[in-house]
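Chemist: Mapping of the sequence shown onto numbering that gives the first Met the number 0: position 67 corresponds to residue 66, and the numbering continues sequentially without gaps.
Just passing along the structure, written as structure tokens.
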Amino acid sequence: MEPKIIVIDPSDFSRRLTVEMLEDLNFTVMGEANSLERAQEIIKNVYCNICLVDMNLGEISGIEFCENLTENNEGLGVILTTYLTLEKLKIDAILSGAIDVLEHPIDKKSLEKSIIYVQKTITEKE
């Protein structure tokens with residue numbers, strides 16, 4: 000199954016850069032959101048199987064949002080992105096249901112590897 004991706008990041012610059020890298024890698028970006036409300040609207044109305052979620056969403060943490068996403072959307076793979084490199088934060092992210100964690104600034108090779116890894120993981124769960 001082809002990755003269909005939504006990018007959720009309150010930073011316009013970071014979000015656009017991530018979307019551009021995904022498109023350069025020939026991945027399908029189904030939507031992008033700069034807020035929790037917009038993200039929920041897109042996820043409700045557009046099919047996706049992978050969400051890239053920034054750890055800092057403002058209203059709630061990316062970890063809390065990830066928990067909600069994975070509980071309510073079976074088969075959805077979540078990659079959390081963060082500027083922080085704390086090991087505990089990465090562990091909390093995985094425990095919340097994220098399949099992978101990427102550190103900003105995200106480079107194209109790491110992004111590609113993460114998408115492929117998440118796609119393989121969600122395919123094996125089916």
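Every residue gets a Cβ at the ideal spot worked out from N, C-alpha and C, and that includes glycine.
Between 76, 30 and 106, which lies nearest to residue 99 when the distance is taken from Cα to Cα?
Modeler: Closest option to residue 99, Cα to Cα, is 76.
Chemist: Any idea which residues DSSP pairs residue 97 with across the strands?
Modeler: In DSSP, residue 97 forms no bridge with anything.
Chemist: Using C-beta distances below 8 Å, list every residue in its chain close to residue 91, excluding the 5 sequence neighbours before and after it, in chain order.
Modeler: Result list for residue 91: 62, in chain order.
Chemist: Would the beta-carbon of residue 106 be found less than 7 Å away from any heavy atom of the ligand FAD?
Modeler: The ligand FAD is absent from the structure shown, which contains no ligand whatsoever.
Chemist: Note down, in chain order, each residue of its chain lying with its Cβ closer than 8 Å to the Cβ of residue 65, except the 5 sequence neighbours on either side.
Modeler: Cβ within range, chain order: 52, 77, 79, 92, 95, 96 and 97.
Chemist: CB residue 49 to CB residue 9, shorter than 8 Å?
Modeler: Cβ atoms of residue 49 and residue 9: not closer than 8 Å.
Chemist: Since residue 81 sits in a beta bridge, which residues does DSSP pair it with?
Modeler: According to DSSP, residue 81 bridges with 102.
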